[in-house]
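These notes concern the structure reproduced below.
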Amino acid sequence: MSAVTSEPNGTTTEKKGLREGAFGNASALSCRECGHQIELGPHYACPECFGPLEVAYDFPAVTREEIEAGPRNIWRYKALLPVPDDIEQSPNTEPGFTRLLDAKNLAKELGIEKLWVKDDSTNPTNSFKDRVVACALSAARELDAKVFACPSTGNLANAVAAAGARAGIPTAVFIPSNLEQPKQVNSAVFTDNLIAVDGNYDDVNKLAQEIAAEEDGWAFVNVNVRPFYAEGSKTLGFEIAEQLGWRLPDQIVIPVASGSQLTKVDKAFKELIKLGLVEEKPYRIFGAQATGCNPVATAFKAGVDAIRPVKPDTIAKSLAIGNPADGIYVLDATRSSGGAVEEVTDDEIRSAIVLLARTEGIFTETAGGTTLAVTKKLVETGALDPSLETVIINTGHGLKTLDAISGIVGPRATIAPNYDAFEEAGLSQA
74 MSAVTSEPNG TTTEKKGLRE GAFGNASALS CRECGHQIEL GPHYACPECF GPLEVAYDFP
134 AVTREEIEAG PRNIWRYKAL LPVPDDIEQS PNTEPGFTRL LDAKNLAKEL GIEKLWVKDD
194 STNPTNSFKD RVVACALSAA RELDAKVFAC PSTGNLANAV AAAGARAGIP TAVFIPSNLE
254 QPKQVNSAVF TDNLIAVDGN YDDVNKLAQE IAAEEDGWAF VNVNVRPFYA EGSKTLGFEI
314 AEQLGWRLPD QIVIPVASGS QLTKVDKAFK ELIKLGLVEE KPYRIFGAQA TGCNPVATAF
374 KAGVDAIRPV KPDTIAKSLA IGNPADGIYV LDATRSSGGA VEEVTDDEIR SAIVLLARTE
434 GIFTETAGGT TLAVTKKLVE TGALDPSLET VIINTGHGLK TLDAISGIVG PRATIAPNYD
494 AFEEAGLSQA
């Protein structure tokens, strides 16, 4: 095994070699800017141009039947992920294969002919982050990490703390000190090493990078093992295609925080096409941001490639990354597909949370509210074609962000415990 030892430029010193097949069919880490490839390991920046790295593969032939015979979690796609063939034998939270809901009531409300909600709120810690953390955990284990860690806006902290507990690896999770209380509790219940930092997510992330550079054996899921971590988001794309009967949707709307989820769903669709698992067809990708943290939407609308960092100020704290690492790649994916990146206000987010709950019985957190509110806005502006099959992603459960809507929902009336009071309040007409 090799200890996780990271430097600011992404170079490492490995003490021992990896076991054979440690990263499955992954073949190298490839720079997303210059294409330079390096060996698989705890690297996150290209030694040639300092660009971000992602996992490259030498895929074998993979059939639908082989995938369908796998477990009902993300490991059914293990041949397409940077994990060993025996991944099921390692203790993990086994996330994935969440429901794809035929949202007929919501579709009628929005005027969309065919609408699906990919509901990731039913993952082990109630968000899609369980997917990416499971892949990061596999990498950390193969690299013989001694601490499993992350900077987080909440959901990732929950997932890392729970996954570390399941795997028996010490954890350390760093969060902004003003994070929603339910998310803090949801992390602290799994670990006694929850660290609140005075500052926003970008400040927390900067601290994590400094720690990763100084501390041997610390695997920060979204820093020095980020290339492996990010691949977990592909499973959203894989599942959507499989659950649609091995075909791609016409349109998909995805929330944007760092931007990794959107770019990896796009990567998943392209890999499925390349492997012949789905028929090639055009699809449009849309990104969703909150007005209080909208650097990618701003760049998209201005027609520029540069992402100008912002200071987040929104109830959608899980999307509050003012300097998104994958922002420029979100622009590439949305523009090349004919999609867009749109933004909505906090009030629109709140209204969308209630709308989804009262049409489909799904209680989403603020990120999901952002995605739905943007979908509604895209239909109203004509950017999204309501005649085409559309998928929206719900990334987390509303119990994590109760404060966002606690002031706009509640009892319709308070009455005495008798029928006369019921009638006088006009409740028989409910």
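Our numbering applies: residue 74 is where the sequence shown begins, and numbers increase by one. The beta-carbon is built from N, C-alpha and C at its ideal position, and this holds for glycine as well.
Beta-carbon gap between residue i and residue j smaller than 8 angstroms
i             : j              : result
leucine 429   : glycine 411    : no
alanine 152   : asparagine 98  : yes
glutamate 415 : alanine 361    : yes
threonine 336 : leucine 392    : no
valine 246    : alanine 235    : no
proline 168   : asparagine 196 : yes
lysine 202    : isoleucine 313 : no
histidine 109 : glutamate 121  : yes
leucine 267   : alanine 261    : yes
alanine 425   : leucine 445    : yes
glycine 290   : lysine 219     : yes
Same chain, Cβ closer than 8 angstroms to residue i, neighbours up to 5 away in sequence not counted
i            : result
serine 501   : Phe495
glycine 237  : Leu210, Phe221, Pro243, Thr244, Phe263 and Thr264
tyrosine 302 : Val205, Val206, Cys208, Ala209, Ala212, Val294 and Asn295
leucine 451  : Val326, Phe359, Ala413, Glu415 and Leu457
Own chain partners of residue i with C-beta closer than 7 angstroms, once the 5 adjacent residues on each side are dropped
i             : result
glutamate 80  : Since pLDDT at glutamate 80 reaches only 44, below the 50 mark, its modelled position is unreliable, and no value is offered.
proline 144   : Glu161
aspartate 276 : Val270
leucine 348   : Phe132 and Val135
threonine 166 : Pro197, Asp203, Ala207, Ala235, Ala236 and Arg239
Backbone CA spacing between residue i and residue j [nearest angstrom]
i                : j                 : result
aspartate 159    : isoleucine 185    : 43 angstroms
arginine 423     : glycine 471       : 11 angstroms
glycine 305      : cysteine 119      : 21 angstroms
isoleucine 325   : glutamine 257     : 31 angstroms
glycine 114      : isoleucine 147    : 22 angstroms
aspartate 378    : valine 403        : 10 angstroms
alanine 370      : valine 298        : 28 angstroms
alanine 76       : glutamate 453     : Note that alanine 76 scores a pLDDT of 47, beneath 50, so its modelled location is shaky; the value from the coordinates is reported in the next line. Taking the straight line from one Cα to the other gives about 52 angstroms.
lysine 449       : aspartate 419     : 14 angstroms
asparagine 396   : alanine 489       : 53 angstroms
phenylalanine 45 : proline 322       : Residue 45 is absent from the model: the chain starts at 74 and stops at 503.
glycine 90       : glutamate 127     : 21 angstroms
cysteine 107     : aspartate 405     : 16 angstroms
serine 163       : glutamate 141     : 21 angstroms
threonine 407    : arginine 357      : 7 angstroms
threonine 308    : phenylalanine 123 : 27 angstroms
tyrosine 117     : serine 479        : 40 angstroms
Cut-off 6 angstroms between Cβ atoms - residues of its own chain near residue i, not counting five sequence neighbours on either side
i             : result
alanine 398   : Ser331
alanine 508   : There is simply no residue 508 to check, as the chain begins at 74 and stops at 503 in what is shown.
aspartate 367 : The sequence shown places asparagine at residue 367, rather than the aspartate named in the question. The residues are Glu416.
lysine 473    : Pro255, Lys256 and Glu438
Identified DSSP bridge partners for residue i
i             : result
arginine 357  : Gln324
leucine 267   : Val246
histidine 109 : In the DSSP output, where bridge partners are listed per residue, histidine 109 has none listed.
Any non-hydrogen atom of the ligand SAM within 7 angstroms of residue i CB
i           : result
leucine 126 : For the ligand SAM, the structure offers nothing, since it holds no ligand at all.
For the 8 angstroms Cβ check, are there 3 or more pairs between the region 453-468 and the region 168-186?
-> Output reads yes: the region 168-186 touches the region 453-468.
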